[in-house]
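**Student:** Below is a structure I'd like to ask you about.
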Amino acid sequence: MIEGSAIPRFTRGHRLQHDKVRNLWLVQAPEKAFVADPVAASVLQRIDGARSLDAIIDDLASTYDAPRPAIAADVQAMLSGLMAKKVIAI
0 MIEGSAIPRF
10 TRGHRLQHDK
20 VRNLWLVQAP
30 EKAFVADPVA
40 ASVLQRIDGA
50 RSLDAIIDDL
60 ASTYDAPRPA
70 IAADVQAMLS
80 GLMAKKVIAI
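Listed below in structure tokens is the structure:
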């Protein structure tokens, strides 16, 4: 479990970019890219290397008027997967 005070950031070489032609959000890295679905893109757009995980979760819960525990579980799972792929670091 990732601590709420942790500050997630993209690892070196990874970045989130909006493809205006296809209207898609992509996580790009050298020689690879991942398409982010709309839910993932909403989370990834908030990862700026300054905001804590708790702040990101609070913002998402407020924006989508959703229960914080449900948002927290989903965000934790997504970020854990991206950390395993070395896309996100704490």
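Residues in the sequence shown are numbered consecutively from 0, following numbering that gives the first Met the number 0. All C-beta atoms in this analysis are idealised placements derived from N, C-alpha and C, irrespective of residue type, glycine included.
What residue range does the alpha helix (DSSP H) around residue 75 cover?
**Tutor:** Taken as a continuous stretch (DSSP letters only), the alpha helix (DSSP H) holding residue 75 covers 67-83.
**Student:** So, with DSSP's three-state summary, where would you put residue 1?
**Tutor:** Three-state DSSP puts residue 1 in coil, outside helix and strand.
**Student:** Could you give the residue range of the alpha helix (DSSP H) that holds residue 42?
**Tutor:** Looking at the DSSP string, the run of the alpha helix (DSSP H) that includes residue 42 is 37-43.
**Student:** Could you check if residue 54 belongs to the surroundings of the ligand NAP, using beta carbon to heavy atom distance under 6 Å?
**Tutor:** The ligand NAP is absent from the structure shown, which contains no ligands of any kind.
**Student:** Give the DSSP-derived three-state secondary structure of residue 53 in the structure shown.
**Tutor:** Here residue 53 sits in helix by DSSP.
**Student:** So the beta strand (DSSP E) residue 47 belongs to, where does it begin and stop?
**Tutor:** It is not in any beta strand (DSSP E) - residue 47 carries neither H nor E in the DSSP assignment.
**Student:** Does the Cβ of residue 38 have 16 or more other Cβ atoms within 10 Å, making it buried, or fewer, making it exposed?
**Tutor:** The residue is exposed, with fewer than 16 neighbouring Cβ atoms inside 10 Å.
**Student:** Excluding the five sequence neighbours on either side, which residues of its own chain have a C-beta within less than 6 Å of the C-beta of residue 64, listed in chain order?
**Tutor:** Cβ within range, chain order: n/a, list empty.
**Student:** Considering only residues of the same chain and omitting the five flanking positions on each side of residue 46, which have a CB-CB separation below 6 Å?
**Tutor:** Contacts found: 7.
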